[in-house]
Structure formats: C-alpha cells, structure tokens
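Here the structure comes first, spelled out in structure tokens, and everything after it is commentary.
Residue numbers (this note's numbering): 45 to 395.
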C-alpha cells in the first residue's frame, strides 16, 4: 500500500474512533444528532477494515441511541466486528439468529451463544451443534435458561469433550446428573458421585444383574491384559460395554483409574485380570498403592452402581445407532441436513 494511502487510512481510523467516542460519551442525543451520526458512522464502517471497526463495536452495540442501521452494518461487516455485534447487539432478527444458530459459521454461533437472552428454540439449535467452541460457549453462559432437552444434548456431547464436561460440572445452578461427566470430575467430585451411586444401589430393591461378557470376549480381555495390548483391550472393552471405542479408550486411559475400575466391576472382571489391566495401563512406573486402592474400590462398589456409572459415561452404541436411523428416517431430515445460506444479515436486521 502506498504511503499516502496508508496515512489516509490511519487518519480515517482515528477520526472514526473520535466520532464514536464523542457519541457514546453522552447517554442521550437529539434526533438530528443521531441522524448525523448515522451518516458519518455508516460511511466509516463501510470504508474501514473490520478489525478497526471492531475496536468500537461493543460501545456502539451497548449505547441506547445507536441507530439500528449502524448496528445492521456491524452485523454485516464480517470478521471480529460482526462477532461482537452478534453477541452484544440489543436485538437481532429472530429468523437470522435461528438460521445462524442452526447452520451458520461456528464463530457467529459462538457469539450468539454468548448473548444475554435467547429463545428456547435457538438454545436447542445451538446445543445440537457439533462444534466444541459453540457448546462450551452455550454451557458457560449463566444468563441463559437451558431447558432439559438442551441439557441432555450438552451432556451427550460432554462424554467426548472434557472441556465441555468441566464447564458443566462447574455449573452448580443446573439440575443434572453428573454421572456422565465422571471422567472430567476431580477427586472430590468423583467421591461424591460414587457415594450417591452406591447409595442408590443399596436402597434399590431386587437382585443385582451383572452383565458378564461372553466367555470368548472375557478370554480376549484377559489375553490383552497379559500382553499389555491397550489398543486390543480398548476394542474388547468397547464391545463388552456396547460403546464407542473412543469412549472405552478414554476409560482405559483415565489417569485416576477409578473409571476403569468401575468398568471392570460392571463386567465382573476378576481381580487378577484387573490387576494386570491396571499394570498395563500405567504410563509410568507401577504405583502399587494406587493399584491397591483401585482393587479396594472394585471390592466396595456395588455392581449395580458401577453399571449405572459406566453406562452414563459411555452411552449405548446400539441406542445411538437406533436414534440416528430414526432421525434419518423422519420426513424432511435430508433437507434439514443441508446447510442453508442465510440472507444478508443487514437486510434481516432491518426487517
């Protein structure tokens, strides 16, 4: 860029900042001043880079007298300016917000998930997305009401997303069962989750039914333990637990080892095999005291409680496949999977 052009751009950026600063310094403005400001600010927003505009985007979105046309331009500017506007603009066209929550770029969906208020359908759409950054932004937003369906979606995703699981564990204001988040829990939280599960098991009526793996699968688990074949063991555990291999691997590699101990209780794996598995899962020198504590945990954990906890951590692969097949068979499912391109953001904001 020629030096003269560069200096001109810098001067325009300085002038834009000064105009905005003067405008937001006063809480209210006469109609004529608002109209004049809209003309000046709109011209600068159109000319300047999105990053320069973003420097004053929050102030503009929060000021009560900022003209809707200026907010619409911020929404349509792109880059960081748009992300800020989608998070802080006082109002966004409902149709635009829904479209972006369902099919929009992840960075704009994150901005929407951080808004102070959203309707239930938009929250549900955000909770159904697969991007970790969107789900984490939604889960961390304490100003929103997250209904039961959205909480269920977040919990399902948190099985495979430790950061999301940690955010949900920190949300003491949300009423949900933390069992699915056991792998992300700290030592104190794990103790409380275990105690609650054991209490439920002890007060429940009826005999305990332990889901033992088939003899062939039990032999495979024992053989993998002897060979210290962690990948083969993860595959065998996934089959025995009816879960994704990635989730069985996460249990196998759990640093505390409590999740693995519970999985072995749920599968009625013997102590000798369990000890071999614990030894094989050690990444450093064997920790004898740790292995003793895990064996003690296996002895003290009611099988029903272990099964409940492990099922919450892993989910059911068969049920997941059945739900996916049912969703794909619903009328209009194929059309819903297509990413629809939203209309011009500015046009919808003005509607």
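Beta carbons: idealized from backbone N, C-alpha and C, even for Gly.
Asked                                                                                                                             : Found
Beta-carbon spacing of residue 142, residue 204 below 9 Å                                                                         : no
Exposure of residue 91, with buried meaning 16 or more beta-carbon neighbours within 10 Å                                         : exposed
CA-to-CA distance, residue 63 to residue 124, given in whole angstroms                                                            : 20 Å
DSSP three-state assignment for residue 91, whether helix, strand or coil                                                         : helix
For residue 110 and residue 89, the rounded distance between their alpha carbons                                                  : 13 Å
Residue 363 and residue 310 closer than 9 Å at C-beta                                                                             : no
Beta-carbon contacts of residue 211 that lie in its chain and below 7 Å, excluding the five residues immediately before and after : 180, 183 and 184
Through-space distance from residue 230 to residue 298, alpha-carbon basis                                                        : 12 Å
As assigned by DSSP and simplified to three states, the class of residue 180                                                      : helix
CB contact flag (residue 323, residue 330, <9 Å)                                                                                  : yes
Assigned exposure category for residue 246 - 16 Cβ within 10 Å defines buried                                                     : exposed
Nearest to residue 53 (by Cα), restricted to the options 187, 243, 80 and 97                                                      : 97
Backbone CA spacing between residue 132 and residue 119 [nearest angstrom]                                                        : 10 Å
Distance CB(residue 467)-CB(residue 282) smaller than 9 Å                                                                         : This structure cannot settle anything about residue 467, because the visible part of the chain is limited to 45 through 395.
Buried versus exposed call for residue 189 [16 or more other C-beta atoms within 10 Å across all chains shown]                    : exposed
Beta-carbon gap between residue 317 and residue 278 smaller than 9 Å                                                              : no
Residue 158: first and last residue of the uninterrupted alpha helix (DSSP H) it sits in                                          : Note, residue 158: premise wrong, no alpha helix (DSSP H); not H, not E.
Whole alpha helix (DSSP H) elements within the region 292–375, 4-residue minimum                                                  : 302–310, 315–325, 332–344, 347–358 and 361–373
Residue 70, buried or exposed, once every other Cβ within 10 Å from all chains shown has been counted against 16                  : exposed
Proximity of residue 128 and residue 155 at Cβ, strictly below 9 Å                                                                : yes
Residue burial classification, residue 243 (beta-carbon count within 10 angstroms, cutoff 16)                                     : exposed
Collapsed DSSP secondary structure at residue 112 in the structure displayed                                                      : helix
Coarse secondary structure for residue 105, derived from DSSP in three states                                                     : helix
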